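If you count by our numbering, then the sequence shown holds residues 187 to 340, one letter each, in order.
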Amino acid sequence: MRIVLQRVSRAEVRIRNPDGSTRPSGRIGRGFLVLVGFTPGDDDEGLAWMADKVIGLRLFADAEDKMNRALADVGGALLVVSQFTLYGDMRRGRRPSFDDAAPPELARALYEDLVRELRAAPLPVATGEFQAMMHVELVNDGPVTILLDSNRES
C-alpha cells in the first residue's frame with residue numbers, strides 16, 4: 187500500500203459526472219489529505235499498520251513550532267481518496283504500466299477496510315468515491331508531503 191499524505195489547511199473532493207459537472211463528495215478543514223493506492227500483496231496487517239501510522243503522525247506544530255502534534259491534538263480530520271496511479275511504473279516507455287496495482291475488486295475492499303480502520307479512531311473521516319473521476323482541491327500547509335509505503339522497511 188502506498189500513501190501520499192499531505193498536511194492541509196483544507197481539502198475537498200468532487201466527483202465528475204459524465205456531463206462534466208461535479209458534485210461534492212468529501213471536505214475537511216485542517217488535517218491530512220490521504221491519497222492511497224493498493225497492490226495485490228496488501229493485507230489486514232498492513233492496513234492496520236498504515237491506519238495507525240497515519241493517525242499517529244506528529245506533523246503539526248507545537249508551541250515551539252516543532253512538528254510534534256498529531257491529528258487528534260489539533261482537532262484535525264482525514265480526507266481519504268483512492269488513487270491507483272500511485273502504482274504507475276514509468277521506467278519503460280511513455281505510458282505508465284499499472285501491473286503492480288491491485289485489481290479493482292480487491293482494491294475496493296482494501297480501500298473500504300482502510301477507511302473503516304481510520305474511522306475507528308475518534309477523528310472525522312471524509313472520502314472520495316472509489317473508481318470515480320474526481321477533482322481534488324487542497325491547500326497544502328507547509329508544504330508538508332509524506333510518502334508512506336507498507337512494503338518498505340523505512
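C-beta atoms are modelled at their ideal positions from N, C-alpha and C, and glycine is treated no differently.
Quantities reported herein were computed from a predicted structural model and do not represent experimental measurements.
query	result
Per DSSP, cross-strand counterpart(s) of S336	Beta-bridge pairing links S336 to no other residue.
E250 - DSSP class collapsed to helix/strand/coil	coil
For L333 and S340, the rounded distance between their alpha carbons	At S340 the pLDDT is 42, less than 50, meaning the model places this residue with poor confidence and gives no usable figure here.
F270 vs R294 beta-carbon contact at 8 angstroms	no
Residues of its chain near G215, where Cβ-Cβ distance is below 6 angstroms and the 5 sequence neighbours each way are ignored	R196
For I189, the nearest candidate out of L219, D229 and L257 (CA to CA)	L219
Where M236 falls: helix, strand or coil (DSSP)	helix
Cβ pair V330, R193 closer than 8 angstroms	yes
E303, buried or exposed, once every other Cβ within 10 Å from all chains shown has been counted against 16	buried
Classification of R200 by the beta-carbon crowding that lies within 10 angstroms, buried from 16 upward	buried
Close-in-space but distant-in-sequence residues of the same chain around P210 (CB under 6 angstroms, 5 per side omitted)	R200
Among L265, V266, D251 and G242, the one whose alpha carbon lies nearest that of D259	G242
The alpha helix (DSSP H) enclosing R302, as first and last residue numbers	P290 to R305
Reduced DSSP secondary structure (H/G/I, E/B, other) of A258	helix
Residue of E198, L191 and M187 minimising C-alpha distance to A312	E198
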